[in-house]
Amino acid sequence: MKYIFVTGGVMSGLGKGITAASIGRILKNRGYQVTAIKIDPYLNIDAGTMNPAQHGEVFVLSDGGEVDLDLGNYERFLDIELTRPHNITTGKIYKTVIEKERHGDFLGSTVQIIPHITDEIKGHIAKTAEAFENHGHKAEVCLVEVGGTVGDIESMPFLEAVRQMRGELPAQDTALVHVTLVPADTMGDLKTKPTQHSVKALRELGLRPDIIVCRSDRVLPGHSRRKISDFCDVPISAVISAADAPDIYQVPMELEKEGIANVILDTLGLEKRGVDSEWYHTVTAEYTNRATIGIVTKYGIEDVYLSIKEALKHAGRALSTEVRIRWLDAETFDDHDLAELDGILVPGGFGSRGVPGKIRAIQYARENRIPFLGICLGFQMAVVEFARDVLGYKDAISEEFGPGTQVIAILPEQEEVKDLGGTMRLGDCQVDVATGTTAWDLYGKTGIVERHRHRYEVNPEYIEEIKTAGLVFSGKNGNRMEILELPGHPFFFATQFHPEFRSRPTRPSPPYLGFVNACRENKEIKQ
Ligand code: GLN
């Protein structure tokens, strides 16, 4: 196993995850099997209970792990499926060590950060990397991204574990990539000083980078590269400029142009192989159409819906359609905003804020024959809207939001749940798709698997009534409704699950493909 550790300097939010995922893609395009681990130095056991407005989307893995959104980038860039252990947090590591201590595993010793916490981190990384499999192939290279910025108190034990691994493993088995910012000053000149300082901080911890990836608004000029090379003690060929790219999927190509592949392969003693460029063609295919899609949200932060954004992009690429997203504030938008859209998407969510607006947007889409895609809460609110307007239950609502005609009710197995962490209906579940429906047209099969994250469902007491009034439940898991659609409408489709989590640039998610296609056709009709 070869390890590529990725650290960050200067500040967070530089695109460290995208850089790491891009390096993985570059190796994958050369036929190497790659996996990835993300370290989040916070104390939470996982991202499941974190506010997405602060931390971005909670990504859901097939095994039900609720993890950092970077794992989504790894799955999309590397076309792999990861599992819970691929997201390490301080909480997880300490919990294990403390449990071992209570069990008596360290009997006689004083349990300390070094060696007990660092041993646990190293063991966890190695075990996870070794256990990984992709269609029967083991990983040859494991990316390990250390979240946060070098110098943060919380990341110290992890950086120490990286230092130990670098010392213990043969030199050619590890590489360290440090991602930093090269900002422009008020005169517009690029400054290398913050990078020099962050590398200094790294070296104080005993870590010397092999490669420095410099994020900046333009390609780094030669003299800046020279300066970084001189002051940070890396060869100039290992100073890699990562200027802002028009699309994240083009970052691997930009890094290729900078020659990062050879530096990585040389550092790790890996053979230089031919490059399969199919992925590059897919992510740069020309657009010939455009569609404007409104996403109705209570958050003004796009990262909350990262996977949805990416799934729309994947579908758009496959249909040569550039998807323009308009973010609609669920509490303030009006019908004029909706009239300009080619399609309306109501995403998942928790809590009652913005719910009336979401219901109004769904009604508008249904009545005005605008393509609609509802995800999770969007699926549930489509049922509520239908119950209110078609069935005449004016007080129809979800049990999550209060009294009334509860057409959406708590899942029976959730009634006893007290702890909120990791207790929802999570991850992969089988869905049976009914033949002759839109769902069946899209998926092309009757047995599908999709990822879930919810506590409520369509109330079984109302299913017959809803069906009789014309709404079709075209996907089910037993008596649990999973997909709904409205015959006669150009595209009115919603899922209790989150199909965006399985979407890949080269394999767009069927519901998103159907939705973007309908939006494109809707635009053509309007023109
Ligand atoms: N809040 C709803 C539920 O728990 C929807 C969840 C979601 O949209 N992910 O069922």
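First residue of the sequence shown? That's 344 in the working numbering, and the numbers climb one at a time after it.
Ideal Cβ placement from N, Cα and C applies to all residues, glycine included.
A quick note: this is a predicted structure, and the numbers were derived from the prediction, not measured.
With respect to threonine 538, isoleucine 555 sits close: the two C-beta atoms are nearer than 9 angstroms. Scanning the segment 525-588 from its first residue to its last, the whole alpha helix (DSSP H) runs of 4-plus residues come out as 536-547, 565-575.
In this structure, the ligand GLN has a non-hydrogen atom nearer than 8 angstroms to the beta-carbon of leucine 720.
Around the beta carbon of aspartate 685, 16 or more other beta carbons sit within 10 angstroms, so the residue counts as buried. The three-state reading of DSSP puts isoleucine 591 in helix, counting H, G and I together. Judged by DSSP secondary structure, asparagine 430 falls within the beta strand (DSSP E) whose first and last residues are 430-432. Looking only at Thr453, Val349, Pro500, the smallest Cα-Cα distance to leucine 548 is reached by Pro500. Tyrosine 799 is bridged by DSSP to Ile753. When Ser695, Lys652, Val698, Lys788 are compared, the shortest CA-CA separation from glycine 415 is found for Lys652. In the three-state scheme derived from DSSP, where H, G and I count as helix and E and B as strand, asparagine 387 is classed as coil. Per DSSP, lysine 615 lies in no alpha helix (DSSP H) and is assigned neither H nor E.
The DSSP-derived three-state label of lysine 761 is coil.
Under the three-pair Cβ rule at 8 angstroms, the segment 389-404 does not count as touching the segment 363-372.
The alpha-carbon separation between glutamate 843 and arginine 633 amounts to approximately 20 angstroms. Take the alpha-carbon of tryptophan 622 and the one of tryptophan 783: they are about 28 angstroms apart. In chain order, Val726, Met824 place their CB closer than 6 angstroms to the CB of valine 801, counting only its own chain and leaving out the 5 sequence neighbours on each side. Taking 9 angstroms as the cut-off, the beta carbon of leucine 769 is found closer than this to the beta carbon of histidine 795. Not one heavy atom of the ligand GLN is found less than 8 angstroms from the C-beta of tyrosine 736. For methionine 596 and cysteine 557, the gap between their C-alpha atoms comes out near 15 angstroms.
A contact is defined here as three or more CB-CB pairs under 8 angstroms, and the segment 485-504 fails this definition with respect to the segment 440-455. By the C-beta density criterion, tyrosine 630 is exposed, having fewer than 16 other C-beta atoms within 10 angstroms. By the Cβ rule, the segment 377-384 counts as touching the segment 477-487, because three or more pairs are nearer than 8 angstroms. Per DSSP, reduced to three states, the secondary structure at tyrosine 630 is coil, with no helix or strand assignment.
In the DSSP assignment, serine 741 falls within the beta strand (DSSP E) that extends over 739-741. Counting other Cβ atoms within 10 Å of its Cβ, glutamate 409 reaches 16 or more and is therefore classed as buried. Rounded to the nearest whole angstrom, the C-alpha separation of glutamate 828 and leucine 814 is 6 angstroms. With respect to the C-alpha of arginine 546, the residue from Leu533, Ser559, Ile607, Arg506 having the closest C-alpha is Arg506.
Within its own chain, the residues whose Cβ lies closer than 6 angstroms to the Cβ of valine 522, once the five positions on either side in sequence are excluded, are Gly351, Leu357, Lys359, Thr362, Val556, listed in chain order. Straight across, the Cα-Cα distance linking threonine 838 with asparagine 387 is about 29 angstroms. Distance check between histidine 657 and each of Val859, Phe835, Phe840 places Val859 closest, using alpha-carbon atoms only.
In this structure, histidine 398 has its beta carbon at no less than 8 angstroms from each heavy atom of the ligand GLN. A heavy atom of the ligand GLN is found nearer than 8 angstroms to the CB of arginine 798. For the pair glutamine 723 and lysine 600, the Cα-to-Cα distance works out to about 47 angstroms. Taking threonine 439 as the centre and dropping the five residues before and after it, the same chain places the C-beta of Glu463 closer than 7 angstroms to its C-beta, in chain order.
In the DSSP assignment, cysteine 862 falls within the unbroken alpha helix (DSSP H) covering 853-869. Taking 9 angstroms as the cut-off, the beta carbon of alanine 704 is found closer than this to the beta carbon of valine 639.
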